[in-house]
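Note that this note's numbering has the sequence shown beginning at 1163, numbered continuously upward.
For every residue, glycine included, the Cβ atom is placed at its ideal position computed from N, Cα and C.
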Amino acid sequence: MMTVMAPIPSSATRSESSLQRADGSAVRVLVVDDEASLAELLASVLRYEGWEIRTAADGSSAVRTAREFQPDAVLLDMMLPDFDGLEVLRRVRGILPQVCVLFLTARDSVQDRVSGITAGGDDYVTKPFSLEEVVARLRGLLRRAGMARASSGSGSELVVADLTMDEDAREVRRGGDLIDLTATEFELLRFMMRNPRRVLSKAQILDRVWNYDFGGQAHVVELYISYLRKKIDTGREPLIHTVRGVGYVLKPQV
């Protein structure tokens, strides 16, 4: 049955966002949903944003299209005819490690929704959803991943001890070694690097990085902190520290 959707955003809404790739070309989004009418509606709305869109109706074609199309983001239904969205995520990330993934799910339980995030998805929306919400979520993910407005200004370099972040180039280095981060890991680290030596609570991190909470599912923050630690601190002097009962802080070891 067709999911109830909100009206297509107005031209005023479109003008708020003029995101593009670093080379000035259109953002690419892959829409994966086996409900053809819904996939086409989503594709139409996203094309209205000025983005280049492809669609896929099952997991196999989604992986194949991702390899050919090289999307910047994937709008991915959890339930597909051949294999589920989590498997699609795993296979697509094997091809495109930094692609943004926004899950579409009809499931109600917090645990089901969080499973997509803990598996490596960047965000989710629950059916039925509004078109404006989908577009807003995608804009947020694409900005995290380095998509810029046509009129965007220059960024800056953040430095904490021997850890550096070039916000323009989306590059992170520790002691000169390049560190590969997903869009969400990058945003989490940026938040911490913009607040060095400041203890950040899990609630603050959820609000800043994901823009909402998970009904108390703070283990999502713990999971992503563990990802960062493996990539940034393994074999080096730790920079990410846990303050028990409070949160996390980024600072050199005293």
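Asp1246 and Arg1190 closer than 8 Å at C-beta | Looking up residue 1246 in the sequence shown gives position 84. Looking up residue 1190 in the sequence shown gives position 28. No, Cβ-Cβ distance for Asp1246 and Arg1190 is not below 8 Å.
Gln1415 in three-state terms, based on DSSP = Taking the first residue of the sequence shown as 1, we reach residue 1415 at position 253. The answer is coil: DSSP assigns Gln1415 none of H, G, I, E or B.
Where does Val1408 land, buried or exposed, given buried means 16+ other C-beta within 10 angstroms?
-> Against the sequence shown, residue 1408 aligns to sequence position 246. Val1408 comes out exposed.
Taking Cβ positions, are Leu1390 and Glu1347 nearer each other than 8 Å?
-> What you label residue 1390 is simply residue 228 of the sequence shown in a count that begins at 1. What you label residue 1347 is simply residue 185 of the sequence shown in a count that begins at 1. Cβ distance < 8 Å, so Leu1390 and Glu1347 count as in contact.
Beta-ladder partner(s) of Glu1399, from DSSP | Indexing the sequence shown from 1 puts residue 1399 at position 237. In DSSP, Glu1399 forms no bridge with anything.
Reference Leu1340; option with closest CA among His1381, Leu1362, Val1296 and Leu1325 = Numbered from its first residue, the sequence shown carries residue 1340 at position 178. For the residues His1381, Leu1362, Val1296 and Leu1325, the minimum Cα distance to Leu1340 belongs to Leu1325.
How many angstroms separate the CA atom of Leu1266 from the CA atom of Leu1303?
-> Here residue 1266 corresponds to residue number 104 of the sequence shown, with the count starting at 1. Here residue 1303 corresponds to residue number 141 of the sequence shown, with the count starting at 1. Cα to Cα, Leu1266 sits roughly 14 Å from Leu1303.
Please specify which runs of the alpha helix (DSSP H), each continuous and at least 4 residues long, are wholly inside the segment 1228 to 1277, giving them in chain order.
-> 1247 to 1257
Quick one: residues in its chain with C-beta nearer than 6 Å to the C-beta of His1403, no 5 flanking neighbours on either side, listed in chain order?
-> The count along the sequence shown starts at 1 and reaches residue 1403 at position 241. Only Val1411 meet the Cβ criterion.
Does DSSP classify Thr1326 as helix, strand or coil?
-> Locating residue 1326 in the sequence shown gives position 164, where the first residue counts as 1. Thr1326 falls in the strand class under three-state DSSP.
Kindly give me the distance between the Cβ atoms of Arg1216 and Thr1227, rounded to whole angstroms, as I take these residues to be in contact under 8 Å.
-> Stepping through the sequence shown from its first residue, residue 1216 is reached at position 54. Stepping through the sequence shown from its first residue, residue 1227 is reached at position 65. With 8 Å as the limit, Arg1216 and Thr1227 qualify as a contact, their Cβ atoms being about 5 Å apart.
When burial is assigned at 16 or more other CB atoms within 10 Å of the CB, is Gly1283 buried or exposed?
-> Position 121 of the sequence shown, counted from the start, is the residue given in the question as residue 1283. Burial call: buried.
Do you know offhand how far Leu1181's Cα is from Ser1187's?
-> Counted from its first residue, the sequence shown places residue 1181 at position 19. Counted from its first residue, the sequence shown places residue 1187 at position 25. So the two alpha carbons sit approximately 9 Å from each other.
To which residues of the same chain is Trp1213 closer than 6 Å at the C-beta, ignoring the five residues directly before and after it?
-> Here residue 1213 corresponds to residue number 51 of the sequence shown, with the count starting at 1. So the list reads Ala1188, Val1189 and Val1191, once near-sequence residues are dropped.
Are the Cβ atoms of Val1383 and Ile1367 separated by less than 8 Å?
-> Here residue 1383 refers to the residue found at position 221 of the sequence shown. Here residue 1367 refers to the residue found at position 205 of the sequence shown. Cβ atoms of Val1383 and Ile1367: closer than 8 Å.
For Arg1305, collect the residues of the same chain with a Cβ closer than 8 Å to its Cβ; drop the 5 residues on either side in sequence, then sort them by chain order.
-> As a position in the sequence shown, residue 1305 is number 143, starting the count at 1. Same-chain partners within the cutoff: Leu1181.
Round the Cβ separation of Leu1351 and Leu1362 to the nearest angstrom and send it over; I've been treating them as touching at under 8 Å.
-> Within the sequence shown, numbered from 1, the residue matching residue 1351 stands at position 189. Within the sequence shown, numbered from 1, the residue matching residue 1362 stands at position 200. The Cβ separation is near 12 Å, so there is no contact.
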